[in-house]
Amino acid sequence: MTRFRFAATMALAATSLGGLPRHLPAQGQPQIFLNINPSWSPDGRQLVFETARHGRTTLYIVNADGTGERRLIRSAGDDTHPVWSPDGTTIVFDSNRDGVWNLYTIRPDGTGERRLTFPGATVPLTFARHPSWSPDGTRIAFDSDRDGDEEVYVMNADGTNPVRLTSSKGGDTHPAWSPDGKRLIFGSYRGGGTADLWTMNADGSDQRPLHQAPANEGGGKISPDGRRVVFFSERDKNPRLFVINIDGSGLLSLTADSSTSFESAWSPDGKQIAFYSNRTGRFELWVMDADGGNQRQLTTTGYDNAWPQWSPDGGRIVFASTRDGDWEIYSMRADGSDARRLTGSPGRDAHPYYLPSGQRMVFQSPRNYTDNNEVDLYTMDSSGVRQRRLVIAPGFDGVPVPSPDGATIAFQRGSFNAATRLYHWELFLVDSLGGSERQLTANAWSSQVPSWFPDGKEIVFYANPNGREQLFVMTLATRAVRPLTTSSGNDTAPAVSPDGRKVAFMSDREGTNDLYVLDIAARRVERLTTQLRANGQPGWSPDGTRLLFTALTAGRGDVHVINADGSGLVRLTRGLEGVR
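Heads up: the sequence shown begins at 5 in my numbering, then just goes up one per residue.
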């Protein structure tokens, strides 16, 4: 690997994954994934970019206003450095899916994937990377070590007739075309210990420096009118973006903060520049005006995690997450590792719960409806297979909770009032193998989030008969209901401990919503968290010593675990940072 690829392209001077710069957190902390290397569509309406949000690096497309994000490609390797063709029909990119870096093309709809480069030069091919389309779309410039050193090449758009353009001991990389197709700009170490911007004719002649500085500079892109070049420079330690006239005059700083900003792309009309920056603490896509003004963020990698519950043996946790763009069900080890996706359907799969056997689970999903107010109950194996609908009925059926023997599931059914935009909730029972439902509550106030006592004879839930949510207990044999809490706040989302002696719940009785535990016999309430904005039904560990719950961090939900005495708080997921 040449010095340019290490010091300038990976300008964070940290490490790499698939050739990507990677911001290293403190020792032992999880990695933060990136949204980087944007390229505009020719009509300026979309951008293609790379992200490591799924573990390996893959490609996504997003609208220019940040909406409509969708995944473009799925492969067993890292797919990086996408560039849209001038006619908008093809995207070229590099990938290591076959063990070494090669160039591929794909259509913007994800079809027609094709490999362009192959081994077979002077020395074994290690990589062919950083592609760039000629303005007429007939040629692709790229860099490769196929002849022993990292040099710039040009080939036909179909991968034929590769021609070497540079030959220097320092290494030449990251080529980009001028808008008339007559010249290329690239980065080179040939001038000394740092990388500089160079230009040359499209046939490799007239190679000369464009800009030289006592720091690494690279990633040069010529504006659509051919008059300016945007590039990144390490002259202020962290890479920042600059623009310069094509004759080397008129240097202007575009990003002046202390964060890292680089790998830019001109919009087709030359009025905007897309780039990526870690100014928010993680790498996201940004767009700014060509003079550096009006900088705005396009992507946000954070996601939500919610509704955690333990497996009966305490070894795994099932929960819901938006980490793949939609609410789906996942399971992970009790320490937060080994997250596995179990569902993959349109709509909000949520509120998973293991049956006592640990072999199956129940959850809610609107997957068979276009109206998200229509939700049914489903069951599946703990591995995610054999998913089947359990309850089919009009309305919103959700928050399914199995009885201690696994024979019955309590759940809530909501009817939506379009005028008030509110639900009215009642509690029901259904056999875990299906069948007709039995209604438990029928009153003017909503009853929600059931939890079973370990003998299976009573349930606790919350309702709002007096305008405030409070906890109640129902004896199933008689349907008799008695109050469990009478606080000045709202007490919600109860969960009975495995021994039946305590109830964990959420409450805003002291201001912010936090996690509390009620000792039923002693009538004593203990607050376990402070200012955490906890929400959702907590989950007791099988031995009753710990509690799972969801709390909000800067607007993002994450799964936490805490000891039942309020000690040992640990955050298990890091959706805010986009960490997997």
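Beta carbons are placed, not taken as given, at the ideal position from N, Cα and C, and that holds for glycine.
Start-to-end residues for the beta strand (DSSP E) that takes in residue i
i: residue 475; result: 474 to 479
i: residue 506; result: 506 to 511
i: residue 461; result: From DSSP, residue 461 is part of no beta strand (DSSP E); its letter is neither H nor E.
i: residue 290; result: 288 to 293
i: residue 223; result: 221 to 226
i: residue 457; result: Looking at the DSSP string, residue 457 is not in any beta strand (DSSP E), and its letter there is neither H nor E.
i: residue 79; result: No beta strand (DSSP E) holds residue 79; DSSP gives it neither H nor E.
i: residue 103; result: Careful: residue 103 lies outside any beta strand (DSSP E) and carries neither H nor E.
i: residue 309; result: 309 to 314
i: residue 333; result: 332 to 337
i: residue 401; result: 400 to 406
i: residue 192; result: 187 to 192
i: residue 562; result: 560 to 567
i: residue 214; result: 212 to 215
i: residue 243; result: Counting along the chain, residue 243 falls outside any beta strand (DSSP E), and DSSP gives it neither H nor E.
CB contact flag (residue i, residue j, <9 Å)
i: residue 185; j: residue 228; result: no
i: residue 172; j: residue 153; result: yes
i: residue 263; j: residue 242; result: yes
i: residue 239; j: residue 218; result: yes
i: residue 131; j: residue 156; result: no
i: residue 386; j: residue 371; result: no
i: residue 344; j: residue 399; result: no
i: residue 39; j: residue 357; result: no
i: residue 118; j: residue 109; result: yes
i: residue 60; j: residue 79; result: yes
i: residue 169; j: residue 207; result: yes
i: residue 432; j: residue 416; result: yes
i: residue 445; j: residue 467; result: yes
i: residue 202; j: residue 192; result: yes
i: residue 70; j: residue 301; result: yes
i: residue 362; j: residue 316; result: yes
i: residue 518; j: residue 541; result: no
i: residue 566; j: residue 556; result: no
DSSP three-state assignment for residue i, whether helix, strand or coil
i: residue 538; result: strand
i: residue 250; result: coil
i: residue 420; result: strand
i: residue 503; result: coil
i: residue 86; result: strand
i: residue 173; result: coil
i: residue 275; result: coil
i: residue 389; result: coil
i: residue 549; result: coil
i: residue 452; result: strand
i: residue 66; result: strand
i: residue 369; result: strand
i: residue 118; result: strand
i: residue 441; result: coil
i: residue 127; result: Low confidence applies to residue 127: its pLDDT is 45, below 50, so where it sits in the model is not reliable, and the reading given next is rough at best. Residue 127: coil per DSSP, three-state reduction.
i: residue 200; result: strand
i: residue 139; result: coil
i: residue 260; result: coil
i: residue 363; result: coil
i: residue 237; result: strand
i: residue 324; result: strand
i: residue 527; result: coil
i: residue 145; result: strand
i: residue 518; result: strand
i: residue 488; result: coil
i: residue 380; result: strand
i: residue 73; result: coil
i: residue 281; result: strand
i: residue 34; result: A caution first: residue 34 carries a pLDDT of 33, below 50, which makes its placement in the model unreliable, though a value can still be read off. Coil at residue 34, not helix or strand.
i: residue 498; result: strand
i: residue 24; result: Its pLDDT being 26, under 50, residue 24 is placed unreliably in this model, and the coordinates cannot settle the point.
Anticipated Cβ contact below 8 Å, residue i with residue j, distance rounded
i: residue 2; j: residue 234; result: With the chain covering 5 to 584 only, the question about residue 2 has no answer from this structure.
i: residue 413; j: residue 436; result: 5 Å
i: residue 159; j: residue 187; result: Not confirmed; about 18 Å, so no contact.
i: residue 550; j: residue 538; result: Actually they are not in contact, since the Cβ atoms of residue 550 and residue 538 sit about 15 Å apart, beyond 8 Å.
i: residue 409; j: residue 360; result: 7 Å
i: residue 570; j: residue 271; result: The Cβ separation is near 53 Å, so there is no contact.
i: residue 145; j: residue 183; result: About 14 Å; that fails the 8 Å criterion.
i: residue 99; j: residue 113; result: So it is not a contact: roughly 18 Å between Cβ atoms.
Any C-beta of chain C under 9 Å from that of residue i
i: residue 88; result: Chain labels in this structure do not include chain C; a single protein chain is all it has.
Using 8 Å as the threshold, is the stretch 295 to 312 in touch with the stretch 322 to 339, meaning 3 or more CB pairs across them?
Between the stretch 295 to 312 and the stretch 322 to 339 there are three or more inter-stretch CB-CB distances shorter than 8 Å, so the stretches are counted as touching.
Do the stretch 378 to 385 and the stretch 394 to 402 meet, that is, are 3 or more Cβ pairs less than 8 Å apart?
Short answer: they touch.
Count Cβ pairs between the stretch 509 to 520 and the stretch 480 to 498 that sit closer than 8 Å; are there 3 or more?
The stretch 509 to 520 is in contact with the stretch 480 to 498.
Taking 8 Å as the threshold, find out whether the stretch 465 to 476 comes into contact with the stretch 497 to 509 through three or more Cβ pairs.
Result yes; three or more Cβ-Cβ pairs closer than 8 Å.
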